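Residue numbers (our numbering): 27 to 209.
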């Protein structure tokens with residue numbers, strides 16, 4: 027039969043091994059998650075108060091690598107709500123476009139042109155975001171005519187080699203209202 031001192035010593039050794047394994051696992055997790063990326067929208071809105079005039083939102087979607095490791099293969103999804111009254115446009119091209127070389131800062135649209143609610147975009151010629159660096163999909167537009175009540179939103183998600191499930195943006199754009207009949 028083991029004495030108290032011997033049992034205590036065995037228990038302390040087990041605890042020590044357990045704590046070392048725990049520390050090693052934490053280090054592995056910290057290393058695996060040493061990338062930290064945030065994304066957010068900035069925008070301004072011009073509201074037309076005449077029902078026959080067009081309102082416009084001019085926005086940008088920013089991705090900021092606040093981590094210590096490069097964020098590899100970034101791409102984004104900008105998603106309009108269903109039944110959204112907004113017409114979305116931006117500085118993007120399709121894979122087979124001959125304008126690619128003529129448009130600096132353009133992004134490549136990855137999904138089909140007939141999809142008017144999701145815009146999957148990848149920066150042209152940019153395979154990673156270095157630590158401390160920002161990447162921006164700039165000056166997109168959303169247009170609508172407020173001839174009746176309207177409501178819609180735009181959500182953003184950032185994806186990459188390390189974030190295959192997507193990282194939601196810190197904010198979203200929500201617009202609703204009703205045009206003025208008076209003009």
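Backbone N, C-alpha and C define an ideal beta-carbon position, used for all residues, glycine too. Keep in mind that this is a model prediction, so the values were computed, not measured.
Distance between residue j and residue i (C-alpha atoms, nearest Å)
i, j, result
"residue 43", "residue 49", "10 Å"
"residue 183", "residue 111", "21 Å"
"residue 156", "residue 64", "13 Å"
"residue 199", "residue 85", "9 Å"
"residue 187", "residue 98", "6 Å"
"residue 174", "residue 113", "16 Å"
"residue 102", "residue 133", "10 Å"
"residue 74", "residue 51", "57 Å"
"residue 197", "residue 130", "27 Å"
"residue 201", "residue 66", "16 Å"
"residue 70", "residue 83", "6 Å"
"residue 10", "residue 142", "Residue 10 cannot be examined here, being either before or after the span of the chain that is shown, 27 to 209."
"residue 166", "residue 117", "7 Å"
"residue 106", "residue 179", "6 Å"
"residue 177", "residue 203", "7 Å"
"residue 170", "residue 47", "58 Å"
"residue 191", "residue 140", "24 Å"
"residue 154", "residue 162", "13 Å"
"residue 152", "residue 68", "21 Å"
"residue 185", "residue 164", "17 Å"
"residue 41", "residue 137", "53 Å"
"residue 150", "residue 122", "13 Å"
"residue 158", "residue 62", "10 Å"
Classification of residue i by the beta-carbon crowding that lies within 10 angstroms, buried from 16 upward
i, result
"residue 115", "exposed"
"residue 194", "exposed"
"residue 37", "exposed"
"residue 172", "buried"
"residue 81", "buried"
"residue 168", "buried"
"residue 145", "buried"
"residue 120", "exposed"
"residue 147", "buried"
Opening and closing residue of the beta strand (DSSP E) in which residue i lies
i, result
"residue 182", "176-186"
"residue 189", "189-194"
"residue 203", "199-203"
"residue 114", "113-115"
"residue 160", "160-171"
"residue 149", "144-149"
"residue 72", "63-72"
"residue 134", "133-135"
Whole-angstrom C-beta distance between residue j and residue i, which should lie under 8 Å
i, j, result
"residue 100", "residue 89", "6 Å"
Can you list the beta strand (DSSP E) stretches of 3 or more residues lying completely in the stretch 79-106, in chain order?
80-91, 101-106
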